[in-house]
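Colleague: Questions regarding the structure given below will be posed in turn.
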Amino acid sequence: MLRRIIFVLKRFAWFKRFNAKVTYELLAKNVPTKDWHFMNYGYVPIESEKSITLPADISIQKYPLQMYHYLAAKIPLEGKHLLEVGSGRGGGAKHIASFYNPAFYTAMDLAQGAVDLANQIHLLPNLKFIQGNAESIPVKSDSVDVVVNVESSHAYGSVDKFLSEVKRVLKPGGYLLLVDFRSDNTILNFKDQLKNSGLVLLQEEDISRNVINSIELEDERKTARIKALIPARWQKLFSEFAGVVGSRFYLTLKDGSRSYCRFVMQKKG
589 MLRRIIFVLK RFAWFKRFNA KVTYELLAKN VPTKDWHFMN YGYVPIESEK SITLPADISI
649 QKYPLQMYHY LAAKIPLEGK HLLEVGSGRG GGAKHIASFY NPAFYTAMDL AQGAVDLANQ
709 IHLLPNLKFI QGNAESIPVK SDSVDVVVNV ESSHAYGSVD KFLSEVKRVL KPGGYLLLVD
769 FRSDNTILNF KDQLKNSGLV LLQEEDISRN VINSIELEDE RKTARIKALI PARWQKLFSE
829 FAGVVGSRFY LTLKDGSRSY CRFVMQKKG
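Residue 589 is where the sequence shown starts when you use the numbering used here, and the numbers rise one by one after that.
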């Protein structure tokens with residue numbers, strides 16, 4: 589009954605905003621950040637994508653890090669000013685800011701708790717975390733070279749407002765790098781929103797299989813992390829949220845009723 593009520597409420601923009609803020613504030617306060625730096629489902633690259641060597645550290649979330657790495661690899665970032673909208677716990681921001689050497693990386697999240705935690709542990713001279721709303725970005729117009737958006741837009745009250753804000757803050761010729769998922773009854777609408785945003789679509793890829801592979805390869809480690817970090821009474825619910833093998837997210841992605849896509853878009857110069 590409760591699931592049905594929540595499903596209905598998610599059709600309303602105000603509830604989507606409220607739900608996202610409450611969920612991520614609670615996660616920021618109750619799950620140790622030092623053990624969990626990423627909040628995406630992960631990515632396994634294809635053969636044509638250059639491999640990345642990571643330290644042999646079991647605490648590193650390899651596949652979620654790769655989601656950021658291969659999205660950022662789409663365009664040159666060195667010396668650029670980047671803005672991430674929906675930065676979560678900040679692991680992706682830290683990786684891009686250190687690996688790709690942008691001039692500066694501003695990482696923004698709706699949850700103040702996540703921002704505070706990220707600022708405490710991800711310390712780089714070219715990286716800063718701020719609080720802000722994706723539908724009203726607190727950044728000057730025409731000031732950003734690249735906007736990064738990873739697995740976040742599905743939670744926004746208005747994707748159209750978000751895209752309008754992205755277009756506003758991007759410099760002419762600037763890029764939007766976006767990855768996210770949608771169910772089969774909303775994916776076409778989402779793609780129409782992107783096409784009608786005023787940004788030019790340069791590349792679109794369905795990476796559902798890459799994400800499925802990631803979920804399967806990371807399942808043992810993810811399940812162990814959930815058992816270690818989450819109270820027993822919340823583990824089943826959190827496993828669904830985290831998308832372990834057998835979860836609704838995993839099953840719908842595997843049967844094709846949900847798609848996960850990657851986009852590169854550009855503001856006309």
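Just so it is clear, CB atoms sit at the ideal spot from N, CA and C, and this is done for glycine as well.
Since the structure is predicted, the reported quantities are computational estimates derived from the model, not experimental observations.
1. Output yes or no for whether 8 Å exceeds the beta carbon distance between methionine 627 and glycine 676.
2. Would glycine 674 pass as a contact of tyrosine 656 if the rule is Cβ separation under 8 Å?
3. What ranges does the beta strand (DSSP E) occupy inside the region 719-762, keeping only unbroken runs of at least 3 residues that lie completely in it?
4. Can you tell me which residues form a DSSP beta bridge with histidine 577?
5. Consider the C-beta atom of arginine 813 and the heavy atoms of the ligand FMN; say whether any pair is separated by less than 7 Å.
6. Just to confirm my understanding: we take valine 799, look at its own chain, exclude 5 residues before and 5 after, and list those with CB closer than 7 Å. What are they?
7. Take leucine 946 and list the residues in its own chain whose beta-carbon comes closer than 6 Å to its own, dropping the five residues that flank it on each side.
8. List the endpoints of the continuous alpha helix (DSSP H) containing aspartate 780.
9. Look up glutamate 804 in the DSSP assignment and give the residues it is bridged to.
10. Is there contact here, the region 783-793 with the region 849-857, by at least three beta-carbon pairs under 8 Å?
11. Assuming leucine 805 and lysine 662 form a contact by the criterion Cβ under 8 Å, report the distance between their Cβ atoms to the nearest whole angstrom.
12. Flag this pair as yes or no: are the beta carbons of aspartate 730 and proline 690 separated by less than 8 Å?
13. Could you tell me the alpha carbon to alpha carbon distance between arginine 821 and serine 845, rounded to whole angstroms?
14. Can you tell me which of Val754, Val738, Val703 and Phe778 puts its alpha carbon nearest to the alpha carbon of tyrosine 763?
15. Consult DSSP for aspartate 843 and reduce its assignment to one of helix, strand or coil.
16. With three or more C-beta pairs closer than 8 Å as the rule, is the region 714-732 touching the region 742-754?
17. Could you name the residues of the same chain whose beta carbon sits closer than 8 Å to that of phenylalanine 826, not counting the 5 residues immediately before and after it, in chain order?
18. How is arginine 770 classed by DSSP in three states: helix, strand or coil?
19. So valine 788 is in the beta strand (DSSP E); what residue range does that whole segment cover?
20. Per DSSP, which one or two residues make a beta bridge with aspartate 697?
21. Just to confirm before moving on: does the CB-CB distance between valine 833 and aspartate 794 stay below 8 Å?
22. Can you tell which of Asp772, Tyr658 and Val703 has its C-alpha closest to the C-alpha of serine 639?
23. Measuring straight from C-alpha to C-alpha, what distance separates alanine 722 and valine 738?
24. Report the partner residues of arginine 850 according to the DSSP bridge assignment.
25. Is the separation between the beta-carbon of phenylalanine 769 and that of histidine 742 shorter than 8 Å?
26. If I'm right that glycine 757 touches leucine 671 with Cβ under 8 Å, what's the distance once you round it to whole angstroms?
27. Counting only the same chain and skipping the five closest in sequence on each side, list residues whose C-beta sits under 6 Å from that of leucine 665.
28. Go ahead and pull the three-state DSSP assignment for lysine 855.
Modeller: Inspection of the coordinates gives the following:
1. yes
2. no
3. 732-738
4. Since the first and last residues shown for the chain are 589 and 857, residue 577 lies out of range.
5. No copy of the ligand FMN occurs in the structure displayed, which carries no ligand at all.
6. Closer than 7 Å at the Cβ level, and outside the excluded window around valine 799, lie Tyr629, Gly630, Tyr631, Leu841 and Tyr848.
7. An answer regarding residue 946 cannot be provided, because it is not within the stretch 589 to 857 covered by the chain.
8. 775-783
9. Answer is none; glutamate 804 lacks a bridge partner.
10. yes
11. That pair is no contact at about 23 Å.
12. Going by beta carbons, aspartate 730 and proline 690 fall outside the 8 Å limit.
13. 30 Å
14. Val754
15. coil
16. These segments touch.
17. Ile814 and Ile818
18. strand
19. 788-794
20. Among the bridge pairs identified by DSSP, aspartate 697 is matched with Gln719.
21. No. Outside cutoff.
22. For the residues Asp772, Tyr658 and Val703, the minimum Cα distance to serine 639 belongs to Tyr658.
23. Counting only the Cα atoms, valine 738 lies some 12 Å from alanine 722.
24. Paired residues: Val767 and Glu793.
25. yes
26. According to the sequence shown, residue 757 is valine rather than glycine. At roughly 6 Å, the Cβ-Cβ gap stays under 8 Å, so valine 757 and leucine 671 are in contact.
27. Tyr688 and Pro690
28. In the structure shown, lysine 855 sits in coil (DSSP, three-state: anything other than H, G, I, E or B).
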